Amino acid sequence: MMGIIVQNLLNGVSFGIILFLLASGLSISLGLMGILNLAHGALYMVGGYVGWMLAVRSGWNFWLAVLGAGLASGLLGLVIERVFLRYLYKKRNEQVLLTFGLVYILTNLSIWIWGAEPRTPFTAPFLSGSFNVSGWQYPTARIAIIMIGVGLAAGLWLLQDRTRLGAIVRAGMENKEMATGLGINMGAVFTAVFFVASFLAGFAGVIGAQLLGVYPDLSLDVLLLALVVVVVGGMGNVRGTLLGSMIIGLIHSFGVALFPELAMFTIYLVMVIILLARPAGLLGKKV
38 MMGIIVQNLL NGVSFGIILF LLASGLSISL GLMGILNLAH GALYMVGGYV
88 GWMLAVRSGW NFWLAVLGAG LASGLLGLVI ERVFLRYLYK KRNEQVLLTF
138 GLVYILTNLS IWIWGAEPRT PFTAPFLSGS FNVSGWQYPT ARIAIIMIGV
188 GLAAGLWLLQ DRTRLGAIVR AGMENKEMAT GLGINMGAVF TAVFFVASFL
238 AGFAGVIGAQ LLGVYPDLSL DVLLLALVVV VVGGMGNVRG TLLGSMIIGL
288 IHSFGVALFP ELAMFTIYLV MVIILLARPA GLLGKKV
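Okay, so the sequence shown: first residue is 38 according to the numbering used here, each after it adds one.
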């Protein structure tokens, strides 16, 4: 019994870390720029496909493939922001229509380039084994995901709360007009933040492919979960995004183990309860 509990705890934390890597970029760009980028899940999917192409088909080192996928999604996100979204600030309806359309465009382009068949999970050769946890053989890749996520979460928290760049981003979230009046080039800040958010999506696409693989419908599947995480944790807050990711990851893991037919229902039930009790999220600020 204890082994099953430990296994599901680790499963929930590792899945929550993937959600954190995905949702952190969405949360920061939404909190700073006010842009609801529904194509964020598609950037995750593109990162997964690029990582698979580099690591599996071309034989690159896995970590170079992770970096290459992050850069590919980051550059694609940069194009989306510079070409389209820069003209749609404070136009939420137009943002939703445009970015949702981009989901279908990027999905069909991915099918055209890589085919419609799902790509099975892949990882670095030295992470392909397993080790014993309470009598269970547990995948080494999941532990690596947890370690990567914890390190990245700490780095993002330090960047946001302990650096000058983080102070500029927080100032932009609080009052864009005042920050601009102080001489801060918020346009450049917006572009940099959107690139980082897109990079994180592509990075998460390869890290998550170790568990989920890659397939064309992945963009919408992960987008819904990322939006739930942002709602639960609160936007623009690394700690809130991490907390929301852990809650959703653990609920999903134990839900699949205990009542698989209601697993997704419990996730959305938690989101509804949070919306009713704290509309800004658990660690979000009231607006």
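Think of the CB as a built atom: it goes at the ideal place given N, C-alpha and C, for glycine as much as any other residue.
None of the values given here were measured: they were computed from a predicted structure.
Check your understanding: DSSP on SER167, reduced to helix/strand/coil?
Key -> The residue you call residue 167 lines up with position 130 of the sequence shown. Strand at SER167.
Check your understanding: What is the rounded straight-line gap between the Cα of LEU312 and the Cα of LEU280?
Key -> Working through the sequence shown from its first residue, we reach residue 312 at position 275. Working through the sequence shown from its first residue, we reach residue 280 at position 243. Rounded to whole angstroms, LEU312 to LEU280 spans 15 Å at the Cα level.
Check your understanding: TYR141: buried (16+ other C-beta within 10 angstroms of its C-beta) or exposed?
Key -> Position 104 of the sequence shown, counted from the start, is the residue given in the question as residue 141. Looking at its Cβ environment, which holds fewer than 16 other Cβ atoms inside 10 Å, TYR141 is exposed.
Check your understanding: Near LEU287, what residues of its chain come up, given a Cβ to Cβ distance below 6 Å and the 5 sequence neighbours on each side ignored?
Key -> Looking up residue 287 in the sequence shown gives position 250. So the list reads GLY49, once near-sequence residues are dropped.
Point to revise | Exposure label - MET272; buried when at least 16 CB within 10 Å | key: Translated into the one-based positions of the sequence shown, residue 272 becomes position 235. Per the 10 Å Cβ criterion, buried.
Review point. Where do the ends of the alpha helix (DSSP H) carrying TRP151 lie?
Key: To locate residue 151, count along the sequence shown from 1; it is residue 114. Per DSSP, TRP151 belongs to the alpha helix (DSSP H) from 129-151.
Practice item. Quick one: measure Cβ to Cβ for LEU143 and SER256, integer angstroms, because I've assumed they're closer than 8 Å. Key: Position 106 of the sequence shown, counted from the first residue, corresponds to residue 143. Position 219 of the sequence shown, counted from the first residue, corresponds to residue 256. Yes, they are in contact, since the Cβ atoms of LEU143 and SER256 sit about 7 Å apart, within 8 Å.
Exercise for review: Check whether the segment 82-97 touches the segment 219-229, counting contact only when three or more Cβ pairs, one atom from each stretch, lie closer than 8 Å.
Suggested key: no
Review point. How about ILE55 and LEU319: do their beta carbons lie closer than 9 Å?
Key: Counting from 1 along the sequence shown, the entry for residue 55 is found at position 18. Counting from 1 along the sequence shown, the entry for residue 319 is found at position 282. Taking 9 Å as the cut-off, the beta carbon of ILE55 is found no closer than this to the beta carbon of LEU319.
Review point. Whose CA, out of LEU104, PRO316, ALA208, lies closest to the CA of VAL267?
Key: On the sequence shown, residue 267 is found 230 positions in, with the first residue counted as 1. Of the candidates LEU104, PRO316, ALA208, the one whose C-alpha sits nearest the C-alpha of VAL267 is PRO316.
Exercise for review: With TRP97 as the anchor, note down where its alpha helix (DSSP H) starts and where it stops.
Suggested key: Here residue 97 is taken as the residue at index 60 of the sequence shown, counted from 1. Per DSSP, TRP97 is not a residue of any alpha helix (DSSP H), being assigned neither H nor E.
Check your understanding: Where SER61 and GLY53 are concerned, what is the direct C-alpha to C-alpha distance, given to the nearest angstrom?
Key -> In the sequence shown, counting from the first residue as 1, residue 61 sits at position 24. In the sequence shown, counting from the first residue as 1, residue 53 sits at position 16. Their Cα atoms are separated by approximately 12 Å.
Exercise for review: Keeping to the same chain, check which residues put their C-beta closer than 8 Å to that of LEU47; ignore five residues upstream and five downstream.
Suggested key: Against the sequence shown, residue 47 aligns to sequence position 10. The residues are VAL170, TYR175, ARG179, ILE180, ILE183.
**Study point:** Extent of the continuous alpha helix (DSSP H) run through TYR305
**Key:** Taking the first residue of the sequence shown as position 1, residue 305 is located at position 268. Per DSSP, TYR305 belongs to the alpha helix (DSSP H) from 300-314.
Check your understanding: Does DSSP put PRO158 in a helix, in a strand, or in coil?
Key -> Here residue 158 corresponds to residue number 121 of the sequence shown, with the count starting at 1. Reduced to three states, the DSSP call for PRO158 is coil.
Review point. Can you tell me the Cα-Cα spacing of TRP194 and PRO297, whole angstroms?
Key: Sequence index remark: in the sequence shown, residue 194 carries index 157 (1-based). Sequence index remark: in the sequence shown, residue 297 carries index 260 (1-based). In a straight line, the C-alpha of TRP194 is about 34 Å away from that of PRO297.
Review point. To the nearest angstrom, how far is it from the Cα of THR160 to the Cα of ALA246?
Key: For this step, residue 160 is matched to residue 123 along the sequence shown. For this step, residue 246 is matched to residue 209 along the sequence shown. Whole-angstrom Cα-Cα distance: 8 Å.
Point to revise | Candidates GLY321, ALA314, VAL265, of which the one nearest MET301 by Cα | key: Taking the sequence shown and counting its residues from 1, one reaches residue 301 at position 264. Closest option to MET301, Cα to Cα, is VAL265.
Practice item. Pair every Cβ in the segment 67-80 with every Cβ in the segment 189-203, then say whether three or more of these pairs are closer than 8 Å. Key: no
Review point. Which residue comes first and which comes last in the alpha helix (DSSP H) that contains TYR124?
Key: Taking the sequence shown and counting its residues from 1, one reaches residue 124 at position 87. Note, TYR124: premise wrong, no alpha helix (DSSP H); not H, not E.
Point to revise | Whether LEU221 touches GLY209 by CB criterion (9 Å) | key: In the sequence shown, counting from the first residue as 1, residue 221 sits at position 184. In the sequence shown, counting from the first residue as 1, residue 209 sits at position 172. Reading the sequence as shown, one finds Ile at residue 221 and not Leu. Yes, the Cβ-Cβ distance between ILE221 and GLY209 is below 9 Å.
Check your understanding: Is it buried or exposed for ARG156, if we count other Cβ within 10 angstroms and need 16 for buried?
Key -> Here residue 156 is taken as the residue at index 119 of the sequence shown, counted from 1. With 16 or more Cβ atoms within 10 Å of its Cβ, ARG156 is classed as buried.
Exercise for review: Please classify PRO297: does DSSP put it in a helix, a strand, or coil?
Suggested key: Translated into the one-based positions of the sequence shown, residue 297 becomes position 260. If DSSP states are grouped into helix, strand and coil, PRO297 belongs with the helices.
Check your understanding: If you drop the 5 nearest sequence neighbours on each side, which residues of the same chain put their C-beta closer than 7 Å to that of ASN98?
Key -> As a first step, residue 98 is located in the sequence shown; it is residue number 61 there, counting from the start. Nothing meets the Cβ criterion.
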